[in-house]
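Each residue of the sequence shown is one higher than the one before, counting from 215 in the numbering used here.
For reference, the structure is listed below as C-alpha cells.
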Amino acid sequence: YGPVVWLKLGSVNTMVIQSPKAAAELFKNHDLPFSDRKDHWPLVITVHTGAYWRILLRSAPRNCTKRIYDAAALRKKCTDKMISWIEEDAASSRARGGSSEVQGAYFLFLMAFNVVGMLSRDVLDMHSEEGHEFFTAMDKFMEWAGKPNVADFLPFLKWLNLLRIKRDMVRYMGLAMSIASRFVMKRIQENQSGRKDKRDFLDLLLNYEGDGKEGPDKFSEKNVTIIILEMFFAVSESTSSTIEWAMAELLRAPNLMKKVKEELGEVIGQCRDVEETDINKLPYLQAVVKETLRLHPAIPLLLPRNTMQDTNYVGYHIPQNTRVLVAWLIGRDPNSWDDPLSFKPERFLGSTVEYRGQHFELIPFGSGQMDVCWLFLGSPNGSPWVG
C-alpha cells in the first residue's frame with residue numbers, strides 16, 4: 215500500500231508509517247508537529263512538550279547517559295542475582311517433587327526494576343512481598359494496556375467504559391504507584407537522615423532545583439514516582455521481551471543456538487559470565503539481538519503519537535489530532551530486508567546498522583527528541599543478558 219497508509223479507525227484519523235524513508239522524514243523534519251501524546255499516555259515523560267518534559271529532555275542526556283555506563287557493575291550484580299534466584303527457585307521446585315520450570319518473566323521483572331528503580335542498590339528480591347505485589351500490578355496493567363478498547367476509536371463511548379479496560383488500568387496503575395511511592399519516600403527519609411553513599415538518578419530527581427522561569431522549582435514526590443515508573447515501563451518491557459523472543463527464536467533454530475554457544479565458548483570460555491566489555495568481541499550475539507529487535511520490537515507500534523496541528527507531510531495534508539503509528543512494518547519491509555519474515559542474524563554481520571534511532575530501517579525504540587535515554591537504561595546493549 216506504499217510508504218504511508220491512511221486509515222479511519224472508528225472516528226479516529228490514523229496514519230501508518232511503513233518505510234524507512236517515510237520514518238526518516240517524520241523523525242527528522244516533522245518530529246515536533248507529530249509529538250503529541252496527551253490522550254494515550256498521561257504521565258510525565260511521554261507527553262509532548264510540557265515543562266516537565268523539557269526539563270527532563272535537557273537533563274537526561276547530560277546526567278543519564280554517563281550513569282548508564284557507570285552502572286555496569288550494578289547491572290552485572292543484578293544479572294548474577296537473577297541467575298541465582300532462578301537456580302534457587304528451580305532447586306526448590308525439584309525438592310518439592312515438581313518440575314524445574316521457572317517463571318522467567320518474574321525474575322526478569324525483579325532484575326529490571328533493581329537496575330532502573332534506584333541505579334545504586336537493589337530494592338526487590340524474590341522473597342519480598344512487595345516484589346510479588348508490584349510484579350502482579352505491573353503485569354496486569356501491561357495486559358490491560360495492550361488490549362484494544364473500542365472507546366479509543368469511538369470517543370463518544372468513553373463514558374460507558376464498555377470493556378472495563380480503563381477501570382482496571384487505573385486500578386492496577388494505582389497499586390503500582392502506591393508501591394513505587396514507598397520506595398521514593400524511603401529514599402527521601404534516608405536523605406533527610408544524612409545518607410552519604412553514592413548518589414544516583416533518583417537522588418538527581420529528588421534534589422532538582424529549577425530557576426522558576428520554566429516549570430517547577432522542584433519535582434514533587436508524586437511526579438518523581440511517575441518518572442521512575444515510566445523508566446521502568448520502558449526498560450522492563452524492552453528488556454524482558456527482547457530476551458524472551460531471542461531465546462524463543464534460538465530454541466526454534468538449534469543451528470543458530472549452536473553458533474551462539476560456539477562464539478561464547480571461544481571468547482568467554484566456561485569459567486566466567488559474559489560482561490559488557492566482551493560485547494564487541496561477540497558479533498554473532500550482537501546480530502541475534504538486532505535481528506530479534508527487527509522482527510519483534512518491544513513496543514511494536516511505539517507509543518502512539520498525535521499531530522499537534524494541521525501539517526503537510528510528504529505531500530499529504532495531515533489534520534490535527536491524527537494518530538500516527540510507526541515501527542512494526544518497517545522491520546519487515548521487503549525493500550529493506552531480504553527474506554524479511556525469517557530470523558537470520560547473519561544479515562547483521564559486517565553491517566553498520568544500529569538500533570538507536572539513526573538507521574531508520576531499524577527503529578525498535580523510535581527516534582527523534584521524544585525518545586530519550588531511559589529507553590536504553592537497562593543496558594547500553596541487551597546482548598550480555600541474552601548471553
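We put the CB at the ideal spot given by N, CA and C, even for glycine.
Being a predicted model, the structure only gives us computed values, none of them experimental.
Nearest CA to the CA of residue i: which residue from the options?
| i | options | result |
| --- | --- | --- |
| Ala-326 | His-346, Glu-344, Cys-292, His-531 | Cys-292 |
| Gln-534 | His-573, Asp-250, Val-600, Gln-406 | Asp-250 |
| Val-230 | Ser-306, Tyr-320, Thr-521 | Thr-521 |
| Ile-577 | Gln-523, Val-600, Asp-524, Ala-512 | Ala-512 |
| Asn-363 | Met-383, Leu-419, Leu-420 | Met-383 |
| Lys-380 | Leu-419, Glu-357, Ala-286 | Glu-357 |
| Leu-443 | Phe-348, Val-488, His-531, Tyr-530 | Phe-348 |
| Leu-322 | Ser-313, Asp-294, Gln-232 | Asp-294 |
| Glu-477 | Leu-496, Arg-385, Val-449 | Leu-496 |
| Gln-403 | Phe-415, Glu-435, Arg-385 | Glu-435 |
| Thr-453 | Val-600, His-531, Arg-385, Tyr-569 | Val-600 |
Near residue i, which residues of its chain fall below 8 Å by C-beta distance, leaving aside the five closest residues on each side in sequence?
| i | result |
| --- | --- |
| Glu-423 | Asp-431, Lys-432 |
| Glu-575 | Pro-234, Ile-544, Gly-545, Asp-547, Ser-550, Trp-551, Val-567 |
| Phe-367 | Leu-223, Gly-224, Ser-225, Val-226 |
| Leu-563 | Pro-497, Tyr-498, Ala-501 |
| Tyr-215 | Gln-232 |
| Leu-465 | Met-471 |
Buried or exposed for residue i, please, with buried defined as at least 16 other CB atoms from any protein chain shown within 10 angstroms of its CB.
| i | result |
| --- | --- |
| Met-399 | exposed |
| Pro-518 | buried |
| Asp-552 | exposed |
| Gln-484 | exposed |
| Val-218 | buried |
| Ala-309 | exposed |
| Thr-456 | buried |
| Asp-417 | buried |
| Gly-545 | buried |
| Asn-328 | buried |
| Tyr-320 | buried |
| Arg-289 | buried |
| Gly-408 | exposed |
| Leu-297 | It is Ile, not Leu, that sits at residue 297 in the sequence shown. Flag for Ile-297 reads exposed. |
| Leu-419 | buried |
| Met-332 | Bear in mind that the predicted position of Met-332 carries a pLDDT of just 49, short of 50, making it unreliable; the figure below should be weighed with that in mind. Classification of Met-332: buried, given that the 10 Å Cβ count is 16 or more. |
| Gly-571 | buried |
By Cβ distance, which residues of its chain are closer than 7 Å to residue i, with the 5 residues on each side in sequence left out?
| i | result |
| --- | --- |
| Thr-439 | Met-391, Ala-394, Ser-395, Val-398 |
| Val-316 | Ile-300, Asp-303, Ala-304 |
| Leu-559 | According to the sequence as given, residue 559 is Pro; it is not Leu. Here the set comprises Leu-470, Tyr-498, Ala-501, Val-502, Glu-505. |
| His-573 | Val-567 |
| Phe-248 | Leu-240, Arg-519, Thr-521, Val-538 |
| Asp-492 | Val-481, Ile-482 |
| Phe-557 | Glu-463, Ala-467, Glu-505, Leu-509 |
| Pro-554 | Arg-546, Asp-547, Pro-548 |
What did DSSP end up calling residue i once you bin it into helix, strand or coil?
| i | result |
| --- | --- |
| Val-438 | helix |
| Tyr-422 | coil |
| Leu-522 | Checking the sequence, you will find Met at residue 522 rather than Leu. Residue state, collapsed to three classes: coil. |
| Trp-220 | strand |
| Ile-231 | strand |
| His-510 | coil |
| His-244 | coil |
| Ile-532 | strand |
| Asp-382 | helix |
| Tyr-527 | strand |
| Asp-487 | coil |
| Leu-539 | strand |
| Val-481 | helix |
| Asp-431 | coil |
| Val-226 | strand |
| Asp-250 | strand |
| Asp-319 | The residue you asked about is not Asp; residue 319 is Ala in the sequence shown. Three-state DSSP puts Ala-319 in a helix. |
| Lys-361 | coil |
| Leu-517 | coil |
| Phe-557 | coil |
| Leu-389 | helix |
| Pro-578 | coil |
| Gln-406 | helix |
| Val-567 | coil |
| Asn-549 | coil |
| His-346 | helix |
| Leu-465 | helix |
| Ser-313 | coil |
Just to confirm my understanding: we take residue i, look at its own chain, exclude 5 residues before and 5 after, and list those with CB closer than 6 Å. What are they?
| i | result |
| --- | --- |
| Tyr-527 | His-244 |
| Val-228 | For the record, residue 228 in the displayed sequence is Thr; it is not Val. Counting only Cβ-Cβ distances below 6 Å, and skipping sequence neighbours, we find Leu-221, Arg-537. |
| Met-387 | Phe-355 |
| Met-352 | Ala-390 |
| Gly-529 | none |
Inset, instruction - Could you tell me whether the region 500-509 touches the region 453-469, using the rule of 3 or more Cβ pairs below 8 Å? - result: The region 500-509, when compared against the region 453-469, does touch it at the 8 Å Cβ threshold.
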